[in-house]
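Keeping their order, the protein sequence lines are chains A and B. The first sequence begins at 1 in UniProt numbering and counts up one residue at a time. The second sequence begins at 1 in UniProt numbering and counts up one residue at a time. Here a beta-carbon is modelled for each residue, glycine too, at the ideal position from N, C-alpha and C.
There are 2 protein chains.
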Amino acid sequence: MSKVLKNDHTEETLFEVAEFFKVLGDPTRIKIVSALFENGELCVNDIVNLVDVTRTAVSHQLRILKDKRIISYRKEGQMKFYHLDDAHVEVIVLLTITHLSHH
Amino acid sequence: MSKVLKNDHTEETLFEVAEFFKVLGDPTRIKIVSALFENGELCVNDIVNLVDVTRTAVSHQLRILKDKRIISYRKEGQMKFYHLDDAHVEVIVLLTITHLSHH
DNA sequence: TTAATAAGTGAGCAAGTGTTCACATATTAA
DNA sequence: TTAATATGTGAACACTTGCTCACTTATTAA
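Written out as structure tokens, the structure is:
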């Protein structure tokens, strides 16, 4: 008599969850995301200063975050102000920080 | 007059957050984690059947999850029963699934 | 128009990752 | 002891990833 195994979440759902975590699973990108929810909105130059990597590297990571719909921007003159696309991301990251602090 | 930029979370904290997300950011590992919180406890063979990758691949990923303190096991005879090490992980994953379902 | 500022792109490359293959260990049954 | 079952390990390899370098685009100022 073998127990029936539960398998409620679809392959596709779990793949999307993995994709989401993978995007947040990089030091540069999580620093950018953290800087954005702490400051609300930042131009690329401010992000570069806070995150301490090169302009080019920041640009590449901003593109990835934008493609995955985690951030968006508002254009003002020649500057772009980036912000989080969805408040849930902040909740998930803060919950994780709390979880890890009880390590 | 430039605004002061907030930078409250330490480099180290954010690095650990990235590490945590990186571990969950793989399809095989997130499937294992999901299978474990759905079923409470599973032996390797059951995990292999639920997750649909080879025994060897599952073993390697179980080791990574164990090293990162996301899972533990209980030994019974020649079998090992794996389970989540901390309920917070389930909360974070479920919250993420909810977040993505409102995509 | 020309120069300066803000931001982005694409190729190249070193480093990292997940799987497979062959082999190893541990426990139980014959 | 021998065989069978359950699980783990390490090297090899293809694939992915994040950075840097050189160059480009867009906007504003001179």
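Only counting the same chain, and skipping five residues up and downstream in sequence, which positions put a Cβ closer than 6 Å to that of residue i?
i	result
VAL48 of chain A	ARG55, VAL58
LEU24 of chain A	ILE30
VAL93 of chain A	none
VAL53 of chain B	THR28
VAL17 of chain B	none
Over what stretch of residues does the beta strand (DSSP E) that includes residue i continue unbroken?
i	result
LEU71 of chain A	The question names Leu, yet the displayed sequence has Ile at residue 71 of chain A. Counting along the chain, the beta strand (DSSP E) containing ILE71 of chain A begins and ends at 71 to 76.
LEU84 of chain A	79 to 84
If I measure Cβ to Cβ from residue i and keep anything under 7 Å in the same chain, skipping five residues before and after, which residues do I get?
i	result
LEU36 of chain B	LEU42, ILE71, TYR82, HIS83, LEU84
What does the Cβ neighbour count give for residue i, buried or exposed, with the cut at 16 atoms within 10 Å?
i	result
VAL89 of chain A	buried
THR28 of chain B	buried
ALA87 of chain A	exposed
LYS3 of chain B	exposed
ASP46 of chain B	buried
THR98 of chain A	exposed
ASP8 of chain B	exposed
ASP26 of chain A	buried
THR10 of chain A	exposed
For residue i and residue j, I'd like the C-alpha separation in whole angstroms.
i	j	result
VAL33 of chain A	VAL44 of chain B	36 Å
GLU38 of chain B	LEU5 of chain B	42 Å
GLU76 of chain B	LEU14 of chain B	38 Å
HIS60 of chain A	LYS80 of chain B	43 Å
ARG63 of chain A	ASP67 of chain B	32 Å
TYR73 of chain A	GLY40 of chain A	11 Å
LEU50 of chain B	GLU12 of chain A	14 Å
VAL91 of chain B	THR96 of chain A	10 Å
Within the continuous alpha helix (DSSP H) that includes residue i, where are the two ends?
i	result
HIS99 of chain A	87 to 101
THR10 of chain B	Unbroken run through THR10 of chain B: none, as it is neither H nor E.
VAL44 of chain A	44 to 51
Short of 8 Å in beta carbon distance, which residues of its chain neighbour residue i, apart from the five on each side in sequence? Order them along the chain.
i	result
GLU19 of chain B	LYS68
LEU100 of chain A	none
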